[in-house]
Amino acid sequence: MNKEPRDFIREDLRASQAGDISFLDELRGGRILITGGSGFVGSWLAELLTFLNDEFNFGIQLNLLSRQAYKLKERLPHLASRPDVTLIDKDVRSVINIPEEIQWIIHAAGTPDNRVHASDPLKTMQVIAQGANAVLEAATRSSAIVKILHISSGLIYGSQPWTLEAMP
């Protein structure tokens, strides 16, 4: 039996939700924007949120913003073709407006690839700083925003000592 990668993803998501998910109820019927939507973290979040729609009838509408939205169409056509997913092809640094209905923003734009950091550190910093600024500025013009989650690398805290179980 040949399984598609998305079947493995769904199995993982099914196993991970074995407990109580009522803490996610405030997302029901929500409108969520994910910046970096075609990246590793953004696409996994999209998988999770569409899983909640399919398995638990959450009714979430997703907007995935990416400067390379076509990559999501190529890599994950099952996400890109869903009626509850809208692709926005835009560089995060040039975000001026956020769709009016957006309530939640998950800002996950920026590359974790050290090769990119080393080869073009200025562009890396511009995407991080100007992208976050553009998203926050646009969010100030929207009255529907409930929360913004900024996802960042744990590298900002420096090395975690081996004796420390978790960062406080």
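Per our numbering, the sequence shown starts with residue 1332, numbered consecutively. We treat Cβ as the ideally placed atom computed from N, Cα and C, and that holds for glycine. Since this is a predicted model, take the numbers as computed values, not measurements.
Between the alpha carbons of N1394 and R1446, how many angstroms are there, rounded?
Taking the straight line from one Cα to the other gives about 28 Å.
Give the straight-line distance between the Cα atoms of P1430 and L1355, rounded to the nearest whole angstrom.
Roughly 22 Å between the two C-alpha positions.
Measure the alpha-carbon distance for G1390 versus E1496 and round it to whole angstroms.
Going by the C-alpha atoms only, they are around 37 Å apart.
Could you spell out the range, first to last residue, of the beta strand (DSSP E) harbouring L1358?
Per DSSP, L1358 belongs to no beta strand (DSSP E) and is neither H nor E.
Can you tell me where the beta strand (DSSP E) holding R1362 begins and where it ends?
Looking at the DSSP string, the run of the beta strand (DSSP E) that includes R1362 is R1362 to T1366.
Please state the DSSP three-state secondary structure of S1374.
Correct three-state label for S1374: helix.
I need the DSSP call for K1478, collapsed to helix, strand or coil.
Three-state result, K1478: strand.
In the DSSP assignment, find the beta strand (DSSP E) that holds V1416 and state where it starts and stops.
V1416 -> beta strand (DSSP E) spans V1416 to D1420.
Which word fits T1471, buried or exposed, when buried means at least 16 other C-beta atoms lie within 10 angstroms of its C-beta?
Flag for T1471 reads exposed.
Do the region 1341-1352 and the region 1368-1375 touch if we need at least three Cβ pairs shorter than 8 Å?
Contact fails: fewer than three Cβ-Cβ distances are below 8 Å.
For Q1392, list the residues DSSP reports as bridge partners.
Partner(s): R1362.
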